[in-house]
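As structure tokens, the structure follows; a few thoughts come after it.
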Amino acid sequence: MKEDMTIDDIKNLVSADESRTLELKKTTGELKDGMHSACAFLNTEGGWLIFGIAPKSLKIIGQEVTDKTQQEIAQALAGLEPAVDVRVAYIDVPEHPGNKVIAMHFDGWVWGEHPHTFHGCPYFKVESTTKVMPQDMYDERIRAHQPQLYAWERLAADGVALADLDENLIRNSIRRGIDGGRIPESALYESTGDILSKWKLLKNGVPTNGAVLLFSNNIDEYPQFTLRMARFVGTNKNMFRDINVLKVISSNC
Numbered sequence: 001m002k003e004d005m006t007i008d009d010i011k012n013l014v015s016a017d018e019s020r021t022l023e024l025k026k027t028t029g030e031l032k033d034g035m036h037s038a039c040a041f042l043n044t045e046g047g048w049l050i051f052g053i054a055p056k057s058l059k060i061i062g063q064e065v066t067d068k069t070q071q072e073i074a075q076a077l078a079g080l081e082p083a084v085d086v087r088v089a090y091i092d093v094p095e096h097p098g099n100k101v102i103a104m105h106f107d108g109w110v111w112g113e114h115p116h117t118f119h120g121c122p123y124f125k126v127e128s129t130t131k132v133m134p135q136d137m138y139d140e141r142i143r144a145h146q147p148q149l150y151a152w153e154r155l156a157a158d159g160v161a162l163a164d165l166d167e168n169l170i171r172n173s174i175r176r177g178i179d180g181g182r183i184p185e186s187a188l189y190e191s192t193g194d195i196l197s198k199w200k201l202l203k204n205g206v207p208t209n210g211a212v213l214l215f216s217n218n219i220d221e222y223p224q225f226t227l228r229m230a231r232f233v234g235t236n237k238n239m240f241r242d243i244n245v246l247k248v249i250s251s252n253c
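Taking the UniProt record's numbering, the leading residue of the sequence shown gets 1, the next gets one more, and so forth.
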């Protein structure tokens, strides 16, 4: 946004009518709807939100701006999460003395950033229309923002309980950790659940896929945990001497 916008800048912006990057409102009486569009801009390609324009005729009429108006705008912007630093421009309208056009520019979303919400709801743009963001799109963006929290090994294992893990394997790991000076001896007296929680291998009391990989002997439903190896006769793959299925990670390592 230019430091000192003029009415000519506004005329240039509104000359092409509303679009994916331009939203026009007659007054701040439509402030809530305007913030939906602001949120959508932040989640799409960015854009301008301008108050004081008749959307159908594109006439620049402006509106009266008071301290209350500015407070309402500031309060509305505070409803955007994550918080955004937006400069609000108030431009005099020569044809309507005392009235001002209110203009705000919002930067677009970049892959890996946290998606924005307004009062807890995410919006995005489909052409010139503002829509609620589908849950799967929002989830995808959250995963892109914090991939480490949504990695497969951190997810709760489906249909697996704490009792399904091999406690002997867990206790052996604890003893090795104590022998190596990595775990305090007090860990021997803690429950299996407490230990796995400290190792972040439980999610809401359910073992994670990582816990199953490390401490379960029942891995039939996890083909990615095994490696099939064969020794072939000659240089082609038509005949082999033997074939073995090995666990990818040995529990005794």
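Idealized CB from N, CA, C, for every residue including glycine. Here the structure is a predicted model, which is why all the values come from computation and not from measurement.
Asked: Distance, residue 22 Cα to residue 12 Cα; Found: 12 Å
Asked: Residue 145 beta carbon less than 8 Å from that of residue 116; Found: no
Asked: Through-space distance from residue 235 to residue 250, alpha-carbon basis; Found: For residue 250, the pLDDT reaches just 49, beneath the cut-off of 50, and the residue's location in the model is therefore unreliable, leaving the point undetermined.
Asked: Buried or exposed by the 16-neighbour rule on C-beta atoms within 10 Å, applied to residue 274; Found: Nothing about residue 274 can be reported from this structure: the residues present for the chain run from 1 to 253 only.
Asked: The stretch 121-138 contacting the stretch 48-66, beta-carbon criterion three pairs below 8 Å; Found: no
Asked: Proximal residues to residue 32 (C-beta, below 8 Å), its chain only, five neighbours per side dropped; Found: 76
Asked: Distance between residue 65 and residue 107 (C-alpha atoms, nearest Å); Found: 25 Å
Asked: Pairwise C-alpha distance: residue 184 and residue 173; Found: 13 Å
Asked: Contact belief for residue 54 with residue 26 at Cβ below 8 Å, rounded distance in angstroms; Found: 6 Å
Asked: Closest Cα partner of residue 110 within the set 42, 216, 215; Found: 42
Asked: Beta-carbon proximity list for residue 166, same chain, < 7 Å, skipping 5 on both sides; Found: 215, 216, 217
Asked: Identity of the residue in 129, 7, 91 nearest residue 20 by Cα; Found: 129
Asked: C-alpha gap between residue 181 and residue 171, whole angstroms; Found: 15 Å
Asked: Pairwise C-alpha distance: residue 70 and residue 154; Found: 45 Å
Asked: Complete beta strand (DSSP E) runs within the stretch 67-126 (minimum length 3 residues, chain order); Found: 88-92, 100-106, 123-126
Asked: Span of the beta strand (DSSP E), counted from its first residue to its last, around residue 47; Found: 47-51
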